[in-house]
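Read through the structure below, which is laid out as C-alpha cells, and then see the notes.
Numbering (this note's numbering), first residue to last: 12 to 474.
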C-alpha cells in the first residue's frame with residue numbers, strides 16, 4: 012500500500028502485467044487492456060532484456076499526456092512486470108523551489124519537446140540570452156531525458172562558486188527520488204508476489220498441502236489473492252482427507268463383503284449337512300426347521316432394500332414363524348388369509364417380518380397364554396391393505412405412541428424396527444402410504460400396511 016507516502020498523489024496508475032493478464036494495484040484513471048500496456052514504448056526500451064527500465068513518454072492510459080513510465084521485472088518465468096505511470100507534476104512540484112536562482116529545462120534525449128520548463132526559458136534561449144547566463148546540460152539515459160539549467164553568471168562569485176552544481180544535484184536528486192519511490196513501491200508489490208510464487212512451487216513438491224499466512228499480509232489485491240489461495244489449499248486438503256477416508260471405508264467394505272461371502276457359504280453347507288442327517292434319521296421336524304432357517308438367512312443375506320412379490324414376503328414370514336414355533340411350543344398359532352391373486356403385487360422386502368416379530372414378543376408371549384397371529388389382505392381405491400393382528404396384551408395410547416416412535420425396538424432378525432418400516436414405506440411410496448395402528452389394552456393389536464398396487468414391469472407389459 013502507498014498510504015501515507017508524500018509522493019502517493021503522483022502515482023497515476025500501477026499494474027502487474029504479463030501476457031496472461033493484468034492486476035490493477037493502483038488506478039486513478041480509466042480502464043486499460045493488456046495489449047495497450049504491452050504496446051507502451053517503455054517495453055521497446057528494454058531491448059528484449061528482462062531489466063529495470065524508465066522512460067518519459069506518452070501515457071497509454073491517458074492519451075496525449077506525458078508521463079514518467081517505470082518498468083520493473085517481477086518474474087521472468089511468467090514474463091510479469093510492474094508497470095507504473097507517474098504524473099509529470101512530480102518534477103514541476105519538486106523543481107519549483109529552485110526556479111528563483113536558475114532556469115530548468117527537461118527534454119527527451121533526442122532534444123524533442125520540453126517535458127518541464129521554467130516559464131519563458133525556451134524563448135530566452137532562442138533569443139540568445141545565454142551571454143548573461145551559463146548553460147549546464149546533463150543527460151540521464153536510464154530515464155530518456157536531458158536536464159538543462161541556465162544560471163545567472165553573477166552567481167559564479169567566489170562565495171557562490173558551487174551554486175550551479177548544488178542546483179544540478181538537487182535536480183538529479185529529484186529525478187532519482189522518483190525512481191527510488193517507484194522501486195520501493197515495486198518491492199512492496201513484488202515481495203508478496205515472490206512469496207506467493209515460492210509457496211506454489213513448494214506445494215508442487217508436498218504430499219500434504221500447507222497454508223502460508225505470510226501471503227495474506229496487507230489489504231491490496233495481491234493479499235486478497237493470497238487469502239483466496241490459502242482457502243483453496245484448505246479446501247483441497249479437506250477433499251484429500253475425504254477421499255482418503257472414503258478409500259479406507261471402501262477397503263473395509265470390500266473386506267467385509269468378502270467375509271460375508273465366505274461365512275454364509277460355510278453356514279449354508281453346514282445346515283445342508285444337518286438337514287440331510289435329520290432326513291436320514293427320520294427327524295422330519297428337525298429337517299423342516301433347518302430348511303426354514305436356511306431360507307430365512309438366504310433372504311436376509313440378499314439385503315432388505317428391494318421390492319419383492321408379496322408371496323415371497325409371506326414365504327419369508329412363514330419361515331420365520333416356523334423357527335419361532337419350535338422355540339415357543341404351543342404358544343401361538345399363525346394364520347395367513349391373503350388371497351392368491353395378491354401374490355404378484357410388490358412390497359418392500361422385510362416389511363411384515365418385524366411386525367409379526369413384534370406381535371410374538373410384545374403381544375402373545377407376555378400373556379403366558381396361547382395366542383393367535385392372523386395376516387389378511389384387501390384392496391380399496393387402488394391401494395393394497397395388509398393387516399397383521401394378534402390377540403395378545405394390547406396397548407394403551409402411551410405404549411402405542413412409544414412403539415411408533417421408538418428407534419431402539421428393532422427386529423432381532425432383520426435389525427429393522429416398526430418405526431423404520433413406516434419410514435421405508437413412505438420413502439418408497441410417498442407420505443400417504445405406511446403403517447396405521449389400532450390396539451386395546453388386554454384385547455388385541457392391529458397393524459395395517461398400506462401400499463399401492465404395483466406389479467413387476469415385465470408382468471404389467473405382458474398383461
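Cβ atoms here follow ideal geometry from the backbone N, Cα and C, with glycine treated the same way.
- Considering only 337, 209 and 64, the residue with the shortest C-alpha distance to residue 225 is 209.
- Here residue 368 is not near residue 455, since their CB atoms are 8 angstroms or more apart.
- Look at residue 237 here: in three-state DSSP terms it is helix.
- Here the region 374-387 does not lie against the region 427-438, with fewer than 3 beta-carbon pairs under 8 angstroms apart.
- DSSP places residue 65 within a strand segment (E or B) once states are collapsed to three.
- In terms of CA proximity to residue 404, 453 leads the group 453, 214, 412 and 390.
- Rounded to the nearest whole angstrom, the CA to CA distance from residue 327 to residue 254 is 39 angstroms.
- Distance between residue 42 and residue 207, taken at the CA atoms: about 26 angstroms.
- DSSP places residue 346 inside the beta strand (DSSP E), whose first and last residues are 343-348.
- Taking residue 467 as reference, the option from 321, 50 and 290 with the minimal CA-CA separation is 321.
- Linking residue 317 to residue 256 through their CA atoms gives a straight-line distance of about 28 angstroms.
- Note: residue 386 is bridge-paired with 347 and 399 in the DSSP secondary-structure output.
- Here the region 340-349 makes no contact with the region 300-312; the two share fewer than three CB pairs at distances below 8 angstroms.
- Rounded to whole angstroms, the separation of the alpha carbons of residue 67 and residue 57 is 14 angstroms.
- In chain order, 227 place their CB closer than 6 angstroms to the CB of residue 238, counting only its own chain and leaving out the 5 sequence neighbours on each side.
- Residue burial annotation: residue 203 is buried, with at least 16 other C-beta atoms found within 10 angstroms of its C-beta.
- Scanning its chain for C-beta atoms nearer than 6 angstroms, with the 5 sequence neighbours on each side dropped, one finds around residue 395 the residues 356, 462 and 464, in chain order.
- The beta carbon of residue 388 sits closer than 6 angstroms to those of 349, 353 and 397, all from its chain and outside the five residues before and after it, given in chain order.
- Within the same chain, 436, 461 and 462 come within 6 angstroms of residue 444 by CB-CB distance, once the 5 residues on both sides are set aside.
- For residue 358, DSSP records a beta bridge to 319.
- Looking at the DSSP output, residue 449 bridges to 457.
- For residue 438, the enclosing alpha helix (DSSP H) starts and ends at 429-440.
- DSSP places residue 28 in the uninterrupted beta strand (DSSP E) bounded by 22-29.
- A residue is called buried once 16 or more other Cβ atoms fall within 10 Å of its Cβ, and residue 362 is buried on that count.
- For residue 363, the enclosing alpha helix (DSSP H) covers residues 363-370.
- The DSSP-derived three-state label of residue 86 is strand.
- Our two residues, residue 448 and residue 300, have alpha carbons roughly 32 angstroms apart in a direct line.
- Collapsing the DSSP output to three states places residue 463 in a strand.
- Collapsing the DSSP output to three states places residue 97 in a strand.
- Distance between residue 294 and residue 260, taken at the CA atoms: about 46 angstroms.
- With respect to residue 63, residue 84 sits close: the two C-beta atoms are nearer than 8 angstroms.
- In the DSSP assignment, residue 47 falls within the alpha helix (DSSP H) that extends over 45-49.
- Straight-line measurement puts the Cα of residue 29 at about 25 angstroms from the Cα of residue 223.
- Straight across, the Cα-Cα distance linking residue 21 with residue 27 is about 18 angstroms.
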